[in-house]
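Numbering (the numbering used here), first residue to last: 208 to 422.
All C-beta atoms in this analysis are idealised placements derived from N, C-alpha and C, irrespective of residue type, glycine included.
Structure record follows, encoded as structure tokens.
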């Protein structure tokens, strides 16, 4: 691009009248479904996006997690800094806690951790999306850096769609500083339009779905 062409483009941009964009209209699902139907939609959307969904009883989610770790040959698992969440088990992975600043954990997180464990705040049935609240005890790096992302979801925290979740979670009254929306493993088609997984984040997503409150 020549200097004169660039100058003409910039001049037109400066002369244009900027107008405020209208706020989007959020439309909820037109009909009410049963919880089982919402659950089916969530699982269908997640599996279509190459995520793995595993069902577990609330009292047995740790056993299910142990099976997932064995199946995926996870040697080191990093946990959020939630007291009493999980203890090591025989022949299980080494458990690391994200309880220090990222600068001091960077080598461990990037070089030694095989999977990160997170707890979803809620989920959206229509798009198959997990909503994870980033916080000092559960930083977003935990779900973005390790090759495998394991997420625990209480199925009772399932909403039909984004408008319903926004109202029920009262985000307008107390807007979270950072929400992470996860609908599957990391993927890109930047190179020769070929879909590849894990280029910019976890190559695998495992959702452990419980029907009751986590115990």
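Of the listed residues the options, nearest to residue i (C-alpha basis)
{"i": "residue 333", "options": "386, 215, 251 and 266", "result": "251"}
{"i": "residue 277", "options": "285, 293, 258 and 299", "result": "299"}
{"i": "residue 253", "options": "367, 409, 391 and 246", "result": "391"}
{"i": "residue 267", "options": "293, 322 and 222", "result": "293"}
{"i": "residue 353", "options": "330, 320, 337 and 329", "result": "320"}
{"i": "residue 337", "options": "215, 273, 389 and 291", "result": "389"}
{"i": "residue 385", "options": "366, 346, 306 and 377", "result": "346"}
{"i": "residue 305", "options": "296, 297 and 315", "result": "315"}
{"i": "residue 387", "options": "327, 374, 248 and 377", "result": "327"}
{"i": "residue 256", "options": "381, 335, 360 and 361", "result": "335"}
{"i": "residue 360", "options": "239, 377, 249 and 291", "result": "249"}
Paired residues, beta bridge with residue i - DSSP
{"i": "residue 323", "result": "285 and 356"}
{"i": "residue 410", "result": "Looking at the DSSP assignment, residue 410 forms no beta bridge with any residue, so it has no partner."}
{"i": "residue 262", "result": "416"}
{"i": "residue 336", "result": "331"}
{"i": "residue 389", "result": "337"}
{"i": "residue 342", "result": "345"}
{"i": "residue 305", "result": "287"}
{"i": "residue 366", "result": "331"}
{"i": "residue 361", "result": "417"}
Residue burial classification, residue i (beta-carbon count within 10 angstroms, cutoff 16)
{"i": "residue 409", "result": "buried"}
{"i": "residue 422", "result": "Below a pLDDT of 50, predicted positions are generally treated as unreliable, and residue 422, at 48, falls in that range; no measurement from the model is reported."}
{"i": "residue 356", "result": "buried"}
{"i": "residue 243", "result": "exposed"}
{"i": "residue 281", "result": "buried"}
{"i": "residue 372", "result": "buried"}
{"i": "residue 317", "result": "exposed"}
{"i": "residue 222", "result": "exposed"}
{"i": "residue 295", "result": "exposed"}
{"i": "residue 341", "result": "buried"}
{"i": "residue 367", "result": "buried"}
{"i": "residue 382", "result": "exposed"}
{"i": "residue 379", "result": "exposed"}
{"i": "residue 258", "result": "buried"}
For residue j and residue i, believed in contact at Cβ under 8 angstroms, the rounded distance
{"i": "residue 263", "j": "residue 416", "result": "7 angstroms"}
{"i": "residue 414", "j": "residue 358", "result": "5 angstroms"}
{"i": "residue 303", "j": "residue 283", "result": "6 angstroms"}
Test item: CB-CB of residue i and residue j under 8 angstroms
{"i": "residue 246", "j": "residue 285", "result": "no"}
{"i": "residue 322", "j": "residue 364", "result": "no"}
{"i": "residue 308", "j": "residue 344", "result": "no"}
{"i": "residue 339", "j": "residue 350", "result": "yes"}
{"i": "residue 418", "j": "residue 362", "result": "yes"}
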